[in-house]
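Asker:
Chains as they are written, first to last, in this note's numbering: chain E, 4 to 733; chain X, 1167 to 1346; chain S, 353 to 672.
#1: Would DSSP call residue 263(E) helix, strand or coil?
#2: Would a check of beta-carbon distances place residue 1237(X) closer than 8 Å to chain E?
#3: Quick check: what's the CA-CA separation for residue 565(E) versus residue 80(E)?
#4: Taking Cβ-Cβ distances below 9 Å as the criterion, which residues of the segment 1305-1331 of chain X are in contact with chain E?
#5: For residue 1169(X), does the count of other Cβ atoms within 10 angstroms reach 16, so buried, or fall short, so exposed?
#6: Use the C-beta contact count for residue 1259(X): other C-beta atoms within 10 angstroms, 16 or more gives buried, fewer gives exposed.
#7: Determine, using beta carbons only, whether residue 1255(X) comes closer than 8 Å to chain S.
#8: Can you give me the C-alpha to C-alpha distance between residue 17(E) and residue 550(E), rounded to a whole angstrom?
#9: With a threshold of 16 other CB atoms inside 10 Å of the CB of residue 13(E), please say whether the residue is buried or exposed.
#10: Listed in chain order, which residues of the segment 1189-1214 of chain X have Cβ atoms closer than 8 Å to some Cβ of chain E?
#11: Using a Cβ cut-off of 8 Å (strictly closer), state whether residue 1345(X) contacts chain S.
#12: Nearest chain X C-beta to residue 449(S) closer than 8 Å, yes or no?
#13: Roughly how many angstroms separate the alpha carbons of residue 636(E) and residue 278(E), rounded to a whole number?
#14: Determine, for residue 65(E), whether the minimum Cβ-Cβ distance to residues of chain S falls below 8 Å.
#15: Under 8 Å Cβ-Cβ, which residues of chain X neighbour residue 353(S)?
#16: Based on Cα-Cα distance, which residue from 445(E), 538(E), 691(E) lies nearest to residue 554(E)?
#17: Can you grab the Cα-Cα spacing for the pair residue 1250(X) / residue 427(S), in whole Å?
#18: Does the beta carbon of residue 1269(X) sit closer than 8 Å to a beta carbon anywhere in chain E?
#19: DSSP beta-bridge partners for residue 1184(X)?
#20: With DSSP as the reference, please indicate the residues paired to residue 361(S) in a beta bridge.
#21: Consider the C-beta atom of residue 348(E) and the heavy atoms of the ligand GTP; say whether any pair is separated by less than 7 Å.
#22: Are the Cβ atoms of residue 400(E) and residue 113(E) separated by less than 8 Å?
#23: List, in order along the chain, the chain S residues whose C-beta lies closer than 8 Å to that of residue 253(E)?
#24: Keeping to the same chain, check which residues put their C-beta closer than 7 Å to that of residue 1167(X); ignore five residues upstream and five downstream.
#25: What are the boundary residues of the beta strand (DSSP E) that residue 289(E) is part of?
#26: Just to confirm the assignment, what range does the beta strand (DSSP E) spanning residue 574(E) have?
#27: Given a limit of 7 Å on CB to CB distance, which residues of the segment 1265-1292 of chain X reach chain E?
#28: Could you give the DSSP three-state label for residue 33(E): helix, strand or coil?
#29: Against chain X, does residue 116(E) count as a neighbour if the rule is that its beta carbon must be under 8 Å from one of theirs?
#30: Please confirm whether residue 407(S) has its beta-carbon closer than 8 Å to some beta-carbon of chain X.
#31: State the start and end residues of the unbroken beta strand (DSSP E) segment that holds residue 1(E).
#32: Does the beta-carbon distance from residue 425(E) to residue 714(E) come in below 8 Å?
#33: Please classify residue 522(E): does DSSP put it in a helix, a strand, or coil?
#34: Please state if the CB of residue 645(E) and the CB of residue 283(E) are separated by a distance shorter than 8 Å.
#35: When Cβ atoms are compared, which residues of the segment 665-680 of chain E fall closer than 8 Å to chain S?
#36: Helix or strand or just coil, what does DSSP make of residue 215(E)?
Shown next, in the form of structure tokens:
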């Protein structure tokens, strides 16, 4: 079904189950360790063997020689693949991930060999017996050195309205600042893993991927197999955060080996391999110029971002929110992409905004200070209800930005904040408060589902949609239950399998709204079919308590399906409403931070996020998504950084001890408030993205609070103690 | 480099572990960690491999009643010892109080760190009751249950989905309910 | 991980004898550092001798009022021991500031002393590292060195010692008891036990192959206010950027101090734990001859300010 007009009232609006808090239906499996992740599928015949990847220890150049003879003779070894003996791929699909196709090295930890052995221990040991020599070539690894070679991109085209240069020059108050954000790692808890099974000319790959049709196309095309000969399963995914939007070597090499050996092959990347073998969020340099009148109204808004990626790669679109977030007549928003030979850049939770807001929202804090204005008020003054580049003819579909700021300020006790930095002391701790806006564009994707009412009266939902922790199982089940008038425990949700209808997958915060709409339309189709079978007019029926009701007549659903299950499929397709309307989720983050007067240690004391993201499908899982975003935002503000060693062209701190993410002790009680909002233009379910909104702006609120606490403005993330120690009075 | 340049076959060893109350006899390569013994040899994949280097806590199990990282110990070192994994705490039909509380508090998202969090949490409640101090214990002679104590003690269990506040709430619920 | 054979030792002498006779043999106890490194083939023993069952897991009182801590006492048990908590609080504080609950349940007293570098280049077998591969060079000197040592280093290695426990032991003037492979027992101060990197950073202690740490002896308790202050980016489960172990006299004029995170071994001001004066004086002596990198020069003011905070807290505690 095409969604191209604002949604009229519909059965998903009833509010009996959908939109009410509900614990995860997949919870009991996850908490008992019985939910199988990619590496953990138990096959009828226990004959799986183990793959182990050997990665390049240079970033750029060629393999001069590779000698696998010792590995081949090592105990338990069944197969060693290198570029010298690997089957050739002829991929055409952009999602393909060719492996071991030649001696060229394009990034550190690129797969250069793959060992398969009877046991994991044998495969790992044998991989280290492979002798490699390289011819190393010089590469470009430091963004600051390369940025001036940056070029505009199609992904984030430059825009300009009014006369920015003139307005900025004439602005009464201005800030002109450059912020940098480092490379960051998604660092989800489950390492990328795959098990490939080749049976009867058909390949099944159990893997950990966020968007199954991308994995499906990538794996099939790389291996030169028809898609109908390949099945991909990702029923449970141990986190992704963008890292699992790509096909890496593990499914490809496992499949190549499984086809060759005729035995299932399972492979997981080791944690130290992940940081350089898989994608990361690229570093940015961001130049922000804001000009305002004395009342704080922005007159000039300028944002230019530089980032780097491998040849043919994509920019980190950190300037993009600046096109939409605040008003102002004169604007210039630009993105420059330069070539770097670091590991391939990719998506990480809220690509673009997550780091764009780190810079923009601190620059706004700096502007507020320059104006002598409260930073909440500054944001309110610059609210705009339409796309400020296009004008009032492109309004926002919904935008409760000001309400978020006001609700947050009141709930958090913002009025207690002292505008002069360093004013509040609690023992040896300097205490400050910070605020930042939250913004994330709303994205929807085509998504299908198949629903089937079984003879025993329970509803089966099948879709390729994945649940990476976002709560898809539960939300899609709630939609099915609401639509068919069933209790949630009468719904059986089956996800993450390419045998099911193609779905949006999980990324860009589009999963719940898109896949939910697919399930909604499939349920609509099923309702019509059930009405027809009951002899009712489909337009006037309702579904409640396991019955279909029309006027004074009701028929039990089980009576309709007694003779056989009834099935329906449909998919959600989205028209041009995202063109006609600017669509985004909004929010405001408030942080209270303490900085130790002596040691400069920085600790977050409390935090509140207020979010307006359309209908909240399941307040339980949506809140958890926000908690996760807030925590990752705290990490971005205070500790996360992939450190580039330009001598070797790699990230030095490539494990979970050295790439630090927040631990329990870093995270106080966090508070989340969702404002009531229904967005008719976003989908028939009236929701917008939530999962990424939670991170956008968080880090800036923390950095602003650090400034308010101690008076030191750090423009080079992360804000660590070495950057502030000694720069404020004891 | 010397003799390591060529690999020789490792003689397998026998080891008997009591896993979740059941004796398990294994004949394995001595290199097999307790974690891989559980996952690859006993099919107990509830215990997760998040880093394999003691940096994440996803592999936490109890050995002789104490929580440890099963990735940093060899299976053959545990002859005759009692191992309890997440599967030994409860099942989907009969959940342990902590498992129930984790579901009720939404104390997880992707679920991958969850078994380790729960195994750790069960031990944390006992460690506090046993008076074992932590980094944040104000008085080393008087260990009291508090959110701060639990946060510190759970810090060896990373959760990138960051269900941290909900995990603390779940543990608090169980402690207060006396159901641990 | 290279293949190895494994055996469980029944007696101390047997364990020491087996390892002494086999250049490729190693003791294994907690395993939390050794197995970590074996997985990366940074350590490649071909025979492991399990010493977990030798009865070295007791804490006993010595004749002169101190404590003898068995080499195999787990970090958790040492931290929780009533006598340690009461009389050597700095040690309990240091222990519980390290690692995680799970690791402390496994890690042993001797293993903690012997844990190896956390330098990221040491951990990466494809990179030059004099500690891992003598003569290959030091990648950290011109590389990522934010967490590494600022004093006691050499042109060959700037790795820091990662232990918290050892820093407290140094402040307490603890001694390491070693059973020599060639017979006999010796008792070493930590300064005698650890070697500075010099030109041989791969040799970290004076232990000979086959020597076995049997325990650590604490002298009788010293009066004073005990602190272990550890500074790190995240609030827990991280190695120290700097740390201060202190037992400050009641009058606050003197105390015993040792420092972590700044040197290749637990560090002191001028070679003695006992020191007097203010934070600036003590820190300056501790950092005498410091050669920080651009990335870790912040450790100099951080150490001084951390010590200041400790002395301020000590004064407040004593004043109560």
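We treat Cβ as the ideally placed atom computed from N, Cα and C, and that holds for glycine.
Answerer: Taking the coordinates as given:
#1: helix
#2: Not one chain E Cβ lies under 8 Å of residue 1237(X).
#3: The alpha-carbon atoms of residue 565(E) and residue 80(E) are separated by roughly 55 Å.
#4: 1313, 1314, 1316, 1317, 1318, 1319, 1320, 1321, 1322, 1323, 1324, 1325, 1326, 1327, 1328, 1329, 1330, 1331
#5: Residue confidence for residue 1169(X) is low, a pLDDT of 41 falling below 50, so the modelled location carries little weight; the figure read from the coordinates is stated next. Result: exposed.
#6: exposed
#7: no
#8: 16 Å
#9: Label assigned to residue 13(E): exposed.
#10: 1195, 1197, 1198, 1202, 1205, 1206, 1209, 1210, 1211, 1212, 1213, 1214
#11: For residue 1345(X), the predicted structure reports a pLDDT of 49, less than 50, and the residue's modelled location is therefore unreliable. A value from the coordinates is still provided. Answer no: the Cβ-Cβ gap between residue 1345(X) and chain S never drops below 8 Å.
#12: yes
#13: 19 Å
#14: no
#15: 1197
#16: Closest in alpha carbon position to residue 554(E), among 445(E), 538(E), 691(E), is 538(E).
#17: Rounded to whole angstroms, the gap between the alpha carbons of residue 1250(X) and residue 427(S) is 21 Å.
#18: yes
#19: 1189(X), 1248(X)
#20: Paired residue(s): none; residue 361(S) is not in a bridge.
#21: For the structure depicted, the ligand GTP is absent and the ligand set is empty, with no information on it obtainable.
#22: no
#23: Per Cβ cutoff of 8 Å: no residues; residue 253(E) is ~18 Å from chain S at best.
#24: In this prediction, residue 1167(X) scores a pLDDT of 35, lower than 50, which makes its location untrustworthy; no coordinate-derived value is stated.
#25: 287-295
#26: 569-577
#27: 1265, 1268, 1269, 1270, 1272, 1274, 1275, 1276, 1277, 1278, 1279, 1280, 1281, 1284
#28: helix
#29: no
#30: no
#31: Any answer about residue 1(E) is impossible in this case: the structure gives chain E only from 4 up to 733.
#32: yes
#33: helix
#34: yes
#35: 665, 666, 667, 668, 669
#36: helix
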